[in-house]
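Under my numbering, the first residue of the sequence shown is numbered 9, with each subsequent residue one higher.
Where is the CB? At the ideal position from N, CA and C, for every residue including glycine.
For reference, the structure is listed below as structure tokens.
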Amino acid sequence: MADDQDKSQQTEDASEKRLEDARKKGQVATSREPSTAISFLLLASLPITGVGAWMAVRLEDLLVSYLSGKVKIDFTPEGMQILLMDLALDIALLVLPVAIPMVLLGMLVVFLVTGPVFTFETLQPKMEKVSPMKGFGRLFSTKSLAEFVKSVLKLSIISLICWYVVSDLFLPAIQSTRKGVHDIVLLMLEGSVAIIGLVAVFFFVIALADVIYQRWEHAKSMKMSMKEVRDEHKESEGDPQLKAKIRQIQMEQAQNRMMADVPKADVVITNPTHFAVALKYDELGFSAPKVIAKGQDNIAQKIKALAKESGVPIRENKLLARSLFKDVEIGQQIPEQLFEAVAVILAEIFKMKTPR
């Protein structure tokens with residue numbers, strides 16, 4: 009009941025992070041049907057290629073050799089063993105030139121369908137894999153039932169295809185006993201090509217439907233609940249409360265550094281209650297005065313208090329204080345349009361500092 013409830017709560021599409029984590033564990037939408045369909049399509053195309061003609065000639069030579077009596081059969085155990093080994097080698101030489109490309113092409117198709125997946129996660133031993141109860145549950149799961157129905161459907165349709173083709177060739181097959189090996193080979197190839205061609209078309213349809221179903225099933229299994237979405241967001245973006253605390257600490261540290269620079273200022277401009285801006289001017293340099301501290305309301309009052317304590321001159325100029333606070337950041341030089349107003353104040357202060 010709990011599992012059903014959890015499944016019912018999984019209403020959100022999987023995030024990119026969840027899909028990527030699942031891929032790292034080997035959990036992807038996979039289907040074996042496309043590789044099977046490609047294999048049958050490759051076999052069905054052999055008659056129109058040189059490989060098909062070569063296989064037909066080779067098959068005819070083998071039948072002539074074994075049916076005409078050219079191959080001497082020793083019915084002793086050693087002789088039968090040699091006969092079976094020779095026959096297996098001949099069949100391998102006939103089949104491998106087609107089987108190897110089919111296997112490689114099937115692997116390529118699986119790679120194109122699922123994408124690159126390199127993981128050892130599925131090879132790691134897990135207790136749930138050997139648990140009888142877990143195995144029993146997987147045996148009667150929805151996925152297992154779908155695979156069973158699909159297998160029965162494939163077997164039934166392939167059997168019907170074989171019956172349909174063989175029933176038309178039944179009479180020619182009986183008549184071929186009175187004909188030569190060449191006619192028998194042609195009849196075998198005709199029946200094989202017909203069966204493989206129809207099966208290839210059937211598996212192509214099955215593969216297309218299975219890929220769509222597997223992707224839908226995978227997307228369904230990867231769905232997330234709202235709680236999982238929120239937890240993942242917290243994990244990736246960070247806890248909002250923690251981030252707010254970090255921002256607060258950073259602001260306090262920046263404010264402390266700013267306050268430490270107030271005693272170095274040449275003057276503090278105020279408006280007088282809401283804004284306070286501390287300016288520093290290097291008389292020996294060629295740069296304009298720059299803002300080394302500024303604040304509003306409570307911070308402005310702290311700047312003024314620290315300036316009084318440090319003996320930094322304080323001058324009231326409402327428009328200038330507002331402009332400096334609004335337009336100039338800490339560490340920046342004042343703009344050209346404020347040069348004259350600031351110069352008047354600094355000249356007065358430096359004049360007072362100059363001994364008579």
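What residues match up with residue i in a beta bridge as DSSP calls it?
i, result
"V299", "L287"
"R323", "I277"
"M232", "E20"
"Q249", "DSSP output for Q249 lists no bridge partner at all."
Looking at the structure shown, is residue i part of a helix, part of a strand, or coil, going by DSSP?
i, result
"Q222", "helix"
"L258", "First, the amino acid is wrong: residue 258 is Gln here, not Leu. Three-state result, Q258: helix."
"Q304", "strand"
"E356", "helix"
"Q89", "helix"
"Q422", "It is not possible to answer for residue 422, since the shown part of the chain is limited to 9 through 364."
"F128", "Its pLDDT being 49, under 50, F128 is placed unreliably by the model, and the measurement read from it follows with that caveat. Coil."
"L102", "helix"
"L153", "helix"
"H241", "helix"
"F333", "helix"
"V36", "coil"
"T57", "coil"
"F178", "helix"
"F83", "coil"
"L112", "helix"
"L97", "helix"
"L216", "helix"
"L71", "helix"
"L292", "coil"
"A45", "helix"
Between the options, which lies nearest to residue i when the distance is taken from Cα to Cα?
i, options, result
"G339", "A315, K326, M266, K316", "M266"
"E348", "F358, L328, R66, L51", "L328"
"K326", "I300, T281, L287, K310", "T281"
"I46", "M110, E337, E260, D191", "M110"
"S73", "D94, A351, W62, V103", "D94"
"I204", "L346, K334, S53", "S53"
"G303", "V219, L120, M259", "M259"
"A284", "K316, F333, V117", "F333"
"T150", "L120, E24, E225", "E225"
"L354", "P297, I108, A202", "P297"
"L113", "A301, L206, A22, P42", "P42"
"L104", "F119, A202, M63, V117", "M63"
"A262", "T57, I307, T44", "I307"
"C170", "A202, R186, L197, A22", "A202"
"L197", "K316, P55, A22", "P55"
How long is the line joining the alpha carbons of residue i and residue j, rounded to whole angstroms?
i, j, result
"I99", "V213", "31 Å"
"S200", "V160", "22 Å"
"L153", "A217", "17 Å"
"K365", "I254", "It is not possible to answer for residue 365, since the shown part of the chain is limited to 9 through 364."
"D176", "V65", "24 Å"
"L179", "L195", "11 Å"
"I192", "A181", "8 Å"
"A208", "P85", "41 Å"
"A391", "M115", "Only positions 9 to 364 of the chain appear in this structure, which leaves residue 391 out of reach."
"A366", "F156", "Given that the chain is displayed from residue 9 to residue 364, the structure contains no residue 366 and the question cannot be resolved."
"R330", "E240", "44 Å"
"I90", "L101", "17 Å"
"S39", "I220", "9 Å"
"V173", "F210", "14 Å"
"E373", "R223", "This structure gives no information on residue 373, because the portion of the chain shown stretches from 9 to 364."
"F128", "V36", "At F128, the pLDDT of 49 sits below 50, so the modelled position is not reliable; the number obtained from the coordinates is stated separately. Approximately 14 Å, taken between the alpha carbons."
"G359", "E344", "Reading off the sequence, residue 359 comes out as Lys, not Gly. Roughly 23 Å separates the two Cα atoms."
"S295", "I342", "10 Å"
"K312", "K235", "50 Å"
"A286", "L292", "19 Å"
"L49", "L70", "25 Å"
"V336", "V299", "7 Å"
"A301", "V276", "9 Å"
"N279", "K361", "24 Å"
"D305", "R238", "38 Å"
"M9", "L92", "Residue placement at M9 cannot be trusted, given a pLDDT of 40 that sits under 50; what the coordinates show is reported in the next sentence. Cα-Cα distance, rounded: 59 Å."
"A351", "D290", "13 Å"
"E20", "R26", "12 Å"
"V106", "L67", "14 Å"
"T57", "I108", "17 Å"
Does the ligand ATP have a heavy atom nearer than 7 Å to the CB of residue i?
i, result
"N325", "Annotation note on the ligand ATP: not contained in the displayed structure, which lists no ligands."
Does the stretch 314 to 321 come close enough to the stretch 262 to 273 that 3 or more CB-CB pairs lie under 8 Å? The stretch 262 to 273, when compared against the stretch 314 to 321, does touch it at the 8 Å Cβ threshold.
Inter-stretch contact at 8 Å, needing at least 3 Cβ pairs: the stretch 223 to 243 / the stretch 156 to 171:
Inter-segment contact for the stretch 223 to 243 and the stretch 156 to 171 is absent: fewer than three beta-carbon pairs are separated by less than 8 Å.
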